[in-house]
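Chains as they are written, first to last, in the working numbering: chain A, 573 to 961; chain B, 573 to 961.
Backbone N, C-alpha and C fix where the C-beta goes; we use that ideal spot for every residue, glycine too.
Please read all numbers here as calculations on a predicted model, not as lab measurements.
All remarks here apply to the structure that follows.
Number of protein chains: 2
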Amino acid sequence: MIQFIVRKTDLGGAARLGMLTTAHGTIETPAFMPVGSLGAVKGIEADDLRGLGYGLILNNAYHLYLRPGHEVVATMGGLHPFTSWSGAILTDSGGFQVFSLSKLCKVTDEGVTFQSHLDGSSHHITPERSIEIQEALGADIMMAFDECVALPSSRERIEDALQRTHRWAARCQAARRRTDQALFGIVQGGHDAELRAAAAAGIVAIGFDGYAIGGLSVGEEKSVMYGMLDATVPLLPRDRPHYLMGVGMPEDLVEGVARGVDMFDCVVPTRHGRTGSLFTSTGRVVIKNARYARDEQPIDPACACQVCARYSRAYLHHLFLSKEMLGVRLNTLHNLSYFAELMRGIRAAIAEGTFAAFRSAFHARRMHNDNGDEEASALLQARSEEVRL
Amino acid sequence: MIQFIVRKTDLGGAARLGMLTTAHGTIETPAFMPVGSLGAVKGIEADDLRGLGYGLILNNAYHLYLRPGHEVVATMGGLHPFTSWSGAILTDSGGFQVFSLSKLCKVTDEGVTFQSHLDGSSHHITPERSIEIQEALGADIMMAFDECVALPSSRERIEDALQRTHRWAARCQAARRRTDQALFGIVQGGHDAELRAAAAAGIVAIGFDGYAIGGLSVGEEKSVMYGMLDATVPLLPRDRPHYLMGVGMPEDLVEGVARGVDMFDCVVPTRHGRTGSLFTSTGRVVIKNARYARDEQPIDPACACQVCARYSRAYLHHLFLSKEMLGVRLNTLHNLSYFAELMRGIRAAIAEGTFAAFRSAFHARRMHNDNGDEEASALLQARSEEVRL
């Protein structure tokens, strides 16, 4: 299954340096997982991910259940041989996608009935069915099937969903047939510290191989998200991995680690790559900006990635304006390199006991260059100007 | 500039094994050039092309003149540093694109006035301006600026364009300022053997570093195209490279070589990759076909490319249906590998004096598997079924 060891801590015990061992390799934590919802990180090959130092990626059970279908993947021997990715895989249960992507979604205690966002076909997923699908997909780590409430919602609505999520979590745990996959529980609870604490207690009581914090980074202020981490992570078993789902921006990774998070996933590096918003050590480069038309520098002169070693901002600007898909690939490779490098820096700082200094320096650079509002704005619209972090 | 040596001939002297030496490397001929019109082979990196064995690619002066502009490329040091491709480059003059892509195209003896297909802006290109643009781009080989007539046209119309093309060719030759780039003349003449012969004589009389045959593979029967090659190539200097523009399908490469062609370019491997039509040693695989949904085989079990080494038809089928751009990249890499391998086979056969047998075996396999009609149909519509060549 999996083994998790906390090798060292920093910041008074909060920040953790760990090793997550799976049947498909050992991953150093804190780790960021690139997202390959449909079985591929967009435009990026398995070998590219390896070259960037990634050992664990995320695939999505909802998408793969709808297409090509989990039975097809099982026929092919599971996700690893199907996608040709030999590293570790975590499958999201699809709970979030059922509630956010599908149409006519109807929830009962039994499960969820919804219509596919692809063709409108009707589907019924229960906790048991989600485990069956994820066991067919064969990832190293499965996620419990949870109810995701759109926030803000009333406390009653959130509590109701929370109770159901806990009943579903217990059913997921009971439904397992394979013994070679890990299963993580998910702590929900909206933006309410009391509910988060209750949720953590409920999920921990059931007992899982790892614990995720879900339902954050859905539009709330960063201070609210960090507050929810403060209210949740200390209540999770220290000997199990802590996974913050769907997060996030570079500063969220630093702040998540400072609060005891070991694993992250987010579409930010890949989606921003596609929209030409490129992360650098000194700020964000929005590559479509006219100022880059004749700029012979690499995206980030301080970056050692293969894109910065070979290509100029001017060329990437031209590819972006020309809608040449090579540009998307190169931008994505660079952003994935930035995220991998950031996590390496975080791990090195914890190993050396200097994470507090690392964190301060990271934020000082951010304050010096720009403010969070511009960054959030760029996140939403990929604005046609350079945004300094 | 360039050096061209015919090292060996076969098929009674018609098929030629050669070496084309440029400032950016030596290319063994017959050679196929991948097309990177806008300065990038779609989705493919320079290192990928090198890895496939390509040493010469095509960029397009019309597209690069419009965007990013030849002055921008010149500022960046020319196409080689701009695109990070260290191999040799040939730029098409843009004649064909001016006449096929632009709007409101008006020809006089002076030159062509047209509107950009990108933004409708008005442009005027003369033979002198085309050379100026191509010298700014800095490719190893430039092409003369010619008038391309849509076929079929009246003999008068074709002859008129031919006369103008020859006057323009002489002006292109006279307009050169740089001495480190080669310039190829282009033989036009429609589908009329007499006009082709006259065109060859006219262009050869001006004198160029190499000779191209243009205006073919524009919808005519293959027998007509081959007939035009029979009428043209023997009239070209034997010590200069012969380049068949915009061609073609695998059988066209074999038949072109049999008629003395040394260089080819075509969008077929890249465009077919994007539409999921994959070349194999035993026929064409149209990857969206449902029959591949659970097919664990590589695209071509006999292929040694990196895609066939790692990925199944089932996965590529899934990526295609999911519109995942990784699929486009992998399909394109495979097709480019097929074309590179085909040219390697052709060169090896000439080297061994067995090209006649190679050609017969190639066509026998083709006849055995399917017919040309289905192939042409697939070319146009990327039909949802497997097409055997």
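With respect to chain B, the C-beta atom of A/Ala-603 has no partner C-beta closer than 8 angstroms. Proximity of B/Ala-865 to chain A, defined by a Cβ-Cβ separation below 8 angstroms, is satisfied.
Only residues of its own chain outside the window of five on either side were considered, and among them Pro-822 and Leu-825 have a CB closer than 7 angstroms to the CB of A/Leu-914, listed in chain order.
The C-beta of B/His-642 comes no closer than 8 angstroms to any C-beta of chain A. A/Gln-745 sits in a helix when the DSSP states are folded into three classes. For secondary structure counted as the beta strand (DSSP E) over 3 or more consecutive residues, the stretch 810-846 of chain B holds these complete runs in sequence order: 814-816 and 835-837. Out of A/Arg-639, A/His-890, A/Glu-700 and A/Ile-778, the CA that lies nearest to the CA of B/Leu-638 is found in A/His-890. About 19 angstroms separates the CB atoms of B/Gly-683 and B/Ile-730; that is not less than 8 angstroms, and the two are not in contact. Residues of the same chain with a CB within less than 6 angstroms of the CB of B/Phe-934, apart from the 5 flanking positions on each side, are Val-826 in chain order. Interface residue (Cβ-Cβ distance to chain A less than 8 angstroms): B/Thr-647 is classified as such.
Taking all protein chains in view, the Cβ of A/Met-714 is crowded by 16 or more other Cβ atoms within 10 Å, so the residue is classified as buried.
If you look at A/Ile-758, you'll find it in the beta strand (DSSP E) that goes 754-759. For A/Tyr-887, the chain B residues whose C-beta falls within less than 8 angstroms of its own C-beta are Gly-611, Met-648, Phe-654, Thr-655 and Ser-656, listed in chain order. With its beta carbon at least 8 angstroms from every one in chain B, A/Met-573 lies outside the interface. Using a C-beta cut-off of 8 angstroms, the stretch 845-864 of chain A makes no contact with the stretch 915-934 of chain A, since fewer than three inter-stretch Cβ pairs fall below that distance. A buried status is given to B/Arg-831, since no fewer than 16 other beta-carbon atoms sit within 10 Å of its beta-carbon. Comparing alpha-carbon positions, the option among A/Gln-878, A/Cys-875 and A/Gly-848 lying closest to A/Tyr-864 turns out to be A/Gly-848. Annotation: the continuous beta strand (DSSP E) that includes A/Phe-604 extends over 603-605. B/Pro-602 sits away from B/Val-839, with the two beta carbons spaced by 8 angstroms or more. A/Lys-860 carries a coil assignment under DSSP once its states are collapsed to helix, strand and coil. For a Cβ distance threshold of 9 angstroms, residue set His-890, Leu-893 and Ser-894 of chain B lies close to A/Arg-639, ordered along the chain. Across the set A/Arg-749, A/Val-796 and A/Ala-733, the C-alpha of A/Ala-733 shows the shortest separation from the C-alpha of A/Gly-774.
In this structure, A/Pro-841 keeps its C-beta atom at 8 angstroms or more from the C-beta atom of A/Phe-576. In this structure, B/Ser-674 sits away from B/His-696, with a CB-CB distance that is not shorter than 8 angstroms.
Of the other Cβ atoms in all chains shown, 16 or more fall within 10 Å of the Cβ of A/Met-835; this residue is therefore buried. Shown here, B/Phe-780 sits in coil according to DSSP, grouped into three states, outside any helix or strand.
A/Ile-616 is not a Cβ neighbour of B/Leu-621, given a cutoff of 8 angstroms. Straight through space, the alpha carbons of B/Arg-938 and B/Gly-779 are spaced by roughly 39 angstroms. Of the residues assessed, B/Arg-916 falls on the exposed side of the cut-off, its CB having fewer than 16 other CB atoms within 10 angstroms. By the rule that beta-carbons nearer than 8 angstroms mark a contact, A/Val-607 does not touch chain B. Take B/Lys-614, set aside five residues on each side of it, and the residues of its chain with a beta-carbon closer than 6 angstroms to its own are Thr-842, in chain order.
For B/Phe-686, the secondary structure class from DSSP, reduced to helix, strand or coil, is strand.
Interface flag for A/Gly-615 against chain B is set, since a Cβ pair is found closer than 8 angstroms. Beta-bridge annotation (DSSP): A/His-695 is paired with A/Phe-686.
Taking a Cβ-Cβ cut-off of 9 angstroms, A/Val-857 has no neighbours in chain B, whose nearest Cβ is about 17 angstroms from it.
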